[in-house]
Amino acid sequence: MKEKAAMNAFGVNNNGTLISHGGIFYTKMIDILATFLNPRAYFEIGTDAGVSLKAMKCASVAVDPQFRLAENVIGSKPSLHMFQMPSDDFFRDHSPIDYLRRPIELAFLDGMHRFEYLLRDFSNTERYCGKNSIILLHDCLPTTTEMISRVHTRGAWAGDVWKILPALRKYRPDLQITYLDCPPTGLVAITNLDPDSSTILDGYFSIVREFIEVDGKALKEFYSRLALTKSADLQSHEEITKLFWL
Numbered sequence: 032m033k034e035k036a037a038m039n040a041f042g043v044n045n046n047g048t049l050i051s052h053g054g055i056f057y058t059k060m061i062d063i064l065a066t067f068l069n070p071r072a073y074f075e076i077g078t079d080a081g082v083s084l085k086a087m088k089c090a091s092v093a094v095d096p097q098f099r100l101a102e103n104v105i106g107s108k109p110s111l112h113m114f115q116m117p118s119d120d121f122f123r124d125h126s127p128i129d130y131l132r133r134p135i136e137l138a139f140l141d142g143m144h145r146f147e148y149l150l151r152d153f154s155n156t157e158r159y160c161g162k163n164s165i166i167l168l169h170d171c172l173p174t175t176t177e178m179i180s181r182v183h184t185r186g187a188w189a190g191d192v193w194k195i196l197p198a199l200r201k202y203r204p205d206l207q208i209t210y211l212d213c214p215p216t217g218l219v220a221i222t223n224l225d226p227d228s229s230t231i232l233d234g235y236f237s238i239v240r241e242f243i244e245v246d247g248k249a250l251k252e253f254y255s256r257l258a259l260t261k262s263a264d265l266q267s268h269e270e271i272t273k274l275f276w277l
């Protein structure tokens, strides 16, 4: 798996805290990426109040089972298509390219916080991307063991979507993955995509069975071998394009 040179290592302690993210807040980082990469087609799952969607100026498609928009998210977009439905239903009946008129160039996945859902969302989204497109994943670098339960009880909840990272490292070593230190639960950027790859969908059930019972101990081990890229260093066109344009 191609992973860009990292700039600082994870620290794991024994008091329930796994990591502390000290970089740029994730929605601000998405805004920065959109500004310098200037995508022409944006797709997202998990719009909620629309903070990330509002930052886009290009043709966009948004999917959420229940939108909670608090402000104008259309802005200067030439088109915006919104689908109030689960992502599985969207991909069953729709193609993002039908609305964007071109492959997805930037995507943000922040749907159901369970591993098997994000695995499907990633694989389904990649089918409509280009090689140099970027898929952003939220909540995959949780900061405490309390937030990684598959059931949301109280407080901050990242769920077990982090499991997609070791799964992709194992089954999609061709991907380029960058781990950003964006509060509150990290931001992961994936490129060098292959829209023709069927590896995840073909092996979906076996991959889910393999990782579904993986626990916090495995997350600590994963963190101990991982390193973060400082988001604060990615605030110029030169730095961002150097990192993401292959």
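First residue of the sequence shown? That's 32 in the working numbering, and the numbers climb one at a time after it. Here a beta-carbon is modelled for each residue, glycine too, at the ideal position from N, C-alpha and C.
Beta-carbon separation (whole angstroms), residue i vs residue j, contact threshold 8 Å
i, j, result
"L224", "S164", "6 Å"
"S262", "G77", "Actually they are not in contact, since the Cβ atoms of S262 and G77 sit about 20 Å apart, beyond 8 Å."
"T174", "S51", "6 Å"
"G142", "D152", "6 Å"
"V239", "E102", "Incorrect: roughly 37 Å between the Cβ atoms, too far for contact."
"I208", "L68", "So it is not a contact: roughly 17 Å between Cβ atoms."
"L232", "S154", "5 Å"
For residue i, the first and last residue of its enclosing alpha helix (DSSP H)
i, result
"A198", "I195 to Y202"
"L26", "The question about residue 26 has no answer here: the residues shown for the chain are numbered 32 through 277."
"M178", "Segment: none, M178 is in no alpha helix (DSSP H) and carries neither H nor E."
"I105", "Segment: none, I105 is in no alpha helix (DSSP H) and carries neither H nor E."
"S232", "For clarity, residue 232 is Leu in the given sequence; the question names Ser instead. Residues T230 to D233."
"I61", "Y57 to L68"
"L123", "This sequence places Arg at residue 123; Leu is not what is there. First-last of the alpha helix (DSSP H) with R123: S118 to D124."
Within 9 Å, strictly: CB atoms of residue i and residue j
i, j, result
"K80", "L100", "The question names Lys, yet the displayed sequence has Ala at residue 80. Yes. Within cutoff."
"T156", "P127", "yes"
"F139", "L167", "yes"
"R145", "V192", "yes"
"Y202", "T230", "yes"
"C171", "F56", "no"
"L64", "A220", "yes"
"I195", "Y159", "no"
"A187", "P215", "yes"
"R123", "A90", "no"
Those residues which DSSP pairs with residue i across a bridge
i, result
"Y73", "S91 and L137"
"C160", "I135"
"T260", "L211"
"T48", "T175"
"I166", "A138 and I221"
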